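Novice:
Number of protein chains: 2
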Amino acid sequence: MINYPDGSKPKTTKKTTSKSKNITKSAANRGMALEKLISAANEYYLMNDMALFTKRPTPINVVKIDYDKGARITNAYFEKQSTTDFNGVYQNRYFDFEAKSTRLKTSFPLNNIYEHQIAHLENVIRHGGIAFFIVEFSAFDEYYVLSAADVIDFYHNGDRKSIPYETFKEKGVLIRLGLNPILDYLPAVIKLFNL
Amino acid sequence: MINYPDGSKPKTTKKTTSKSKNITKSAANRGMALEKLISAANEYYLMNDMALFTKRPTPINVVKIDYDKGARITNAYFEKQSTTDFNGVYQNRYFDFEAKSTRLKTSFPLNNIYEHQIAHLENVIRHGGIAFFIVEFSAFDEYYVLSAADVIDFYHNGDRKSIPYETFKEKGVLIRLGLNPILDYLPAVIKLFNL
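Same order as they appear, the protein sequences are chains A and B. Numbering (the numbering used here) for the first sequence: 1 to 195. Numbering (the numbering used here) for the second sequence: 196 to 390.
1. Please tell me whether residue 162 (chain A) and residue 107 (chain A) are closer than 8 Å, where the distance is taken between their beta carbons.
2. Using the C-alpha atoms, what's the distance from residue 155 (chain A) back to residue 84 (chain A)?
3. On the three-state DSSP scale, how would you describe residue 152 (chain A)?
4. Does the distance from the C-beta atom of residue 257 (chain B) to that of residue 271 (chain B) stay below 8 Å?
5. Closer than 8 Å, Cβ to Cβ, to anything on chain B: give me those residues from the segment 32-43 of chain A, in chain order.
6. Please list, in chain order, all residues of the same chain as residue 117 (chain A) whose beta carbon is under 8 Å from its beta carbon, the five residues on each side excluded.
7. Whole angstroms are fine: how far does the CA of residue 56 (chain A) sit from the CA of residue 193 (chain A)?
8. How would you list, in chain order, the residues of chain A whose beta-carbon sits under 7 Å from the beta-carbon of residue 254 (chain B)?
9. Would you mind sorting residue 217 (chain B) into buried or exposed? The rule is 16 or more other CB atoms within 10 Å of its CB.
10. On the CB-based measure, 16 or more other CB atoms within 10 Å of its CB, does residue 289 (chain B) come out buried or exposed?
11. Considering only C-alpha positions, which residue in the set B:323, B:364, B:321, B:317 is nearest to residue 330 (chain B)?
12. Using DSSP bridges, identify the partner residues of residue 109 (chain A).
13. Would you mind giving the Cβ-Cβ distance between residue 323 (chain B) and residue 92 (chain A), rounded to the nearest angstrom? I have them listed as a contact below 8 Å.
14. Can you find a CB in chain B that lies within less than 8 Å of the CB of residue 91 (chain A)?
15. Apart from the five residues on each side of it in sequence, which residues of its chain come closer than 6 Å, Cβ to Cβ, to residue 359 (chain B)?
16. Alpha carbon to alpha carbon, what distance is there between residue 38 (chain A) and residue 184 (chain A)?
17. Residue 71 (chain A) CB to nearest chain B CB: under 8 Å?
18. Which residue or residues does DSSP assign as beta-bridge partners of residue 88 (chain A)?
19. Based on DSSP bridge pairs, tell me the residues matched to residue 378 (chain B).
20. Report yes if the CB atom of residue 167 (chain A) is closer than 8 Å to the CB atom of residue 137 (chain A), and no otherwise.
21. Return no unless some Cβ of chain A is closer than 8 Å to the Cβ of residue 309 (chain B).
22. State the start and end residues of the unbroken beta strand (DSSP E) segment that holds residue 267 (chain B).
23. Run through DSSP, which three-state label would residue 67 (chain A) get?
24. Does DSSP put residue 335 (chain B) in a helix, a strand or coil?
25. Using alpha carbons as the reference points, say which of A:96, A:173, A:78 lies closest to residue 86 (chain A).
26. So, are the CB atoms of residue 151 (chain A) and residue 133 (chain A) less than 8 Å apart?
27. Closer than 8 Å by beta-carbon distance: list the chain A residues that pair up with residue 318 (chain B), in chain order.
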């Protein structure tokens with residue numbers, strides 16, 4: 001399959017010039033959860049034979065199943081994610097990443113990252129996986145890829161439990177938004193890790 | 196890690212002569228689901244810095260959440276797994292595998308492998324991942340690693356929807372059982388794929 005290193009659009013984006021409506025990128029993004037943007041990109045990468053990334057299902061602890069109703073779950077609760085949301089393979093390499101969004105303009109708070117997730121990402125790095133975060137600054141409609149190693153460094157050594165916005169500009173890579181996929185994050189990861 | 200190409204038993208099985216009880220390997224395994232044996236091995240590999248493999252949570256479609264009870268799920272159902280049960284990383288490489296058990300003595304039936312899973316494993320192979328099945332023949336207390344490529348070949352081209360037991364002996368690698376972990380499958384995978 002063809003890569004588009006110049007950022008040119010594949011033919012399938014023609015769909016956007018259809019009569020359906022003149023949707024701007026940021027309007028299209030608004031209200032579309034980060035997770036869905038990533039899943040849409042993953043589908044694009046898979047269809048175009050570029051990479052295979054999948055979302056881990058949300059872990060749920062099932063307490064009760066009603067078999068009279070065809071194995072209907074009637075009592076269950078969400079568990080904390082002990083790993084990350086996404087993983088997969090790009091050119092033999094293992095990828096593992098987490099997506100987070102913040103409305104803040106000055107920093108990305110680390111309080112919604114669990115210690116288990118940090119431990120998991122440390123393990124990924126130790127075994128040679130490509131580990132990173134995709135962080136959305138919704139106030140600016142900006143999305144950054146930042147290495148998990150940098151996040152872990154702030155998590156353990158930072159003065160405060162957040163990463164300054166400036167750090168994303170300095171150490172991360174801004175994801176260039178497109179139309180198909182909107183959140184074309186793979187080139188940013190390739191750039192960040194020199195793949 | 197050590198391979199046991201001669202098929203000899205590891206010393207650790209000596210435990211069966213301990214005073215705690217005369218538990219044979221197969222008795223110890225019996226009732227312990229294949230998935231738990233794999234998860235126990237995965238924990239061992241992680242603790243010993245050998246590899247990182249995780250189980251994907253079972254996908255559940257949540258229909259109703261009762262927030263009065265602290266986000267208790269009161270209506271949900273299991274979804275078909277569209278990928279596989281396990282994936283992870285070993286020495287940079289992406290691993291993806293499925294575990295299945297059969298009580299049959301002559302063949303492994305393919306009717307409980309979904310088309311989506313086959314498509315997923317084809318994608319894994321195309322992107323350079325290590326894709327395989329761990330298959331238990333419970334009648335013999337034998338566990339084999341067989342490449343997903345071989346399973347896919349039977350799935351698409353086989354005369355019948357099953358893989359003969361003999362094929363596992365010829366093309367697969369028998370997992371040598373130990374005590375910790377009991378199902379030490381990684382050496383068999385390393386051998387099968389010449390890693």
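Even glycine gets a Cβ: it sits at the ideal position worked out from N, Cα and C. Just so it is clear, the structure is predicted and the values come from calculations on it, not from any experiment.
Specialist: According to the structure shown:
1. The sequence position of residue 162 (chain A) within the first sequence is 162, counting from 1. The sequence position of residue 107 (chain A) within the first sequence is 107, counting from 1. One thing to note: residue 162 (chain A) has its Cβ within 8 Å of the Cβ of residue 107 (chain A).
2. As a working mapping, residue 84 (chain A) is identified with position 84 in the first sequence. As a working mapping, residue 155 (chain A) is identified with position 155 in the first sequence. For residue 84 (chain A) and residue 155 (chain A), the distance between alpha carbons rounds to 16 Å.
3. Against the first sequence, residue 152 (chain A) aligns to sequence position 152. For residue 152 (chain A), the secondary structure class from DSSP, reduced to helix, strand or coil, is helix.
4. Against the second sequence, residue 257 (chain B) aligns to sequence position 62. Against the second sequence, residue 271 (chain B) aligns to sequence position 76. Yes, the Cβ-Cβ distance between residue 257 (chain B) and residue 271 (chain B) is below 8 Å.
5. Those residues of the segment 32-43 of chain A that come within reach of chain B (Cβ to Cβ, closer than 8 Å) do not exist; the list is empty.
6. Numbered from 1 along the first sequence, position 117 holds the residue referred to as residue 117 (chain A). Taking residue 117 (chain A) as the centre and dropping the five residues before and after it, the same chain places the C-beta of 81, 82, 83, 84, 98 closer than 8 Å to its C-beta, in chain order.
7. Translated into the one-based positions of the first sequence, residue 193 (chain A) becomes position 193. Translated into the one-based positions of the first sequence, residue 56 (chain A) becomes position 56. Their backbone Cα atoms lie some 23 Å apart in a straight line.
8. The residue labelled residue 254 (chain B) in the question sits at position 59 within the second sequence. Chain-ordered, the chain A residues with CB closer than 7 Å to the CB of residue 254 (chain B) read 57.
9. In the second sequence, the residue the question calls residue 217 (chain B) occupies position 22. Since pLDDT at residue 217 (chain B) reaches only 41, below the 50 mark, its modelled position is unreliable, and no value is offered.
10. Stepping through the second sequence from its first residue, residue 289 (chain B) is reached at position 94. Buried, by the Cβ-count rule.
11. The residue labelled residue 330 (chain B) in the question sits at position 135 within the second sequence. For residue 330 (chain B), the nearest C-alpha among the options comes from B:364.
12. Here residue 109 (chain A) refers to the residue found at position 109 of the first sequence. The beta-bridge partner set that DSSP reports for residue 109 (chain A) consists of A:162.
13. Locating residue 323 (chain B) in the second sequence gives position 128, counting from the first residue. Locating residue 92 (chain A) in the first sequence gives position 92, counting from the first residue. Separation of the CB atoms of residue 323 (chain B) and residue 92 (chain A) is rounded to 3 Å, and the pair is thereby assigned contact status at 8 Å.
14. Your numbering for residue 91 (chain A) matches position 91 in the first sequence. Against chain B, the CB of residue 91 (chain A) has a partner CB under 8 Å away; the residue lies at that interface.
15. Within the second sequence, residue 359 (chain B) is the residue found at index 164, counting from 1. When the five nearest sequence neighbours on each side are left out, the beta carbons in the same chain lying within less than 6 Å of the beta carbon of residue 359 (chain B) are those of 302, in order along the chain.
16. Position 184 of the first sequence, counted from the start, is the residue given in the question as residue 184 (chain A). Position 38 of the first sequence, counted from the start, is the residue given in the question as residue 38 (chain A). The straight-line gap from Cα to Cα measures roughly 8 Å.
17. Translated into the one-based positions of the first sequence, residue 71 (chain A) becomes position 71. Yes - at least one Cβ of chain B is within 8 Å of the one on residue 71 (chain A).
18. Reading the first sequence from its first residue, position 88 is the one you call residue 88 (chain A). Secondary-structure assignment with DSSP links residue 88 (chain A) through a beta bridge to A:53, A:95.
19. Within the second sequence, the letter at position 183 stands for residue 378 (chain B). Residue pairing for residue 378 (chain B): DSSP places it in a beta bridge opposite B:372.
20. Your numbering for residue 167 (chain A) matches position 167 in the first sequence. Your numbering for residue 137 (chain A) matches position 137 in the first sequence. Cβ distance not < 8 Å, so residue 167 (chain A) and residue 137 (chain A) don't count as in contact.
21. Within the second sequence, residue 309 (chain B) is the residue found at index 114, counting from 1. Taking CB atoms only, residue 309 (chain B) has no neighbour in chain A less than 8 Å away.
22. Locating residue 267 (chain B) in the second sequence gives position 72, where the first residue counts as 1. Per DSSP, residue 267 (chain B) is one residue of the beta strand (DSSP E) stretching across 267-273.
23. As a working note, residue 67 (chain A) is residue 67 in the first sequence. The answer is helix: DSSP assigns residue 67 (chain A) an H, G or I state.
24. As a first step, residue 335 (chain B) is located in the second sequence; it is residue number 140 there, counting from the start. Residue state for residue 335 (chain B) is assigned as coil, using DSSP reduced to three classes.
25. Locating residue 86 (chain A) in the first sequence gives position 86, where the first residue counts as 1. Closest option to residue 86 (chain A), Cα to Cα, is A:96.
26. Walking along the first sequence from the start, residue 151 (chain A) turns up at place 151. Walking along the first sequence from the start, residue 133 (chain A) turns up at place 133. Yes.
27. Residue 318 (chain B) sits at position 123 when you count from the first residue of the second sequence. The answer, in chain order, is 46, 52.
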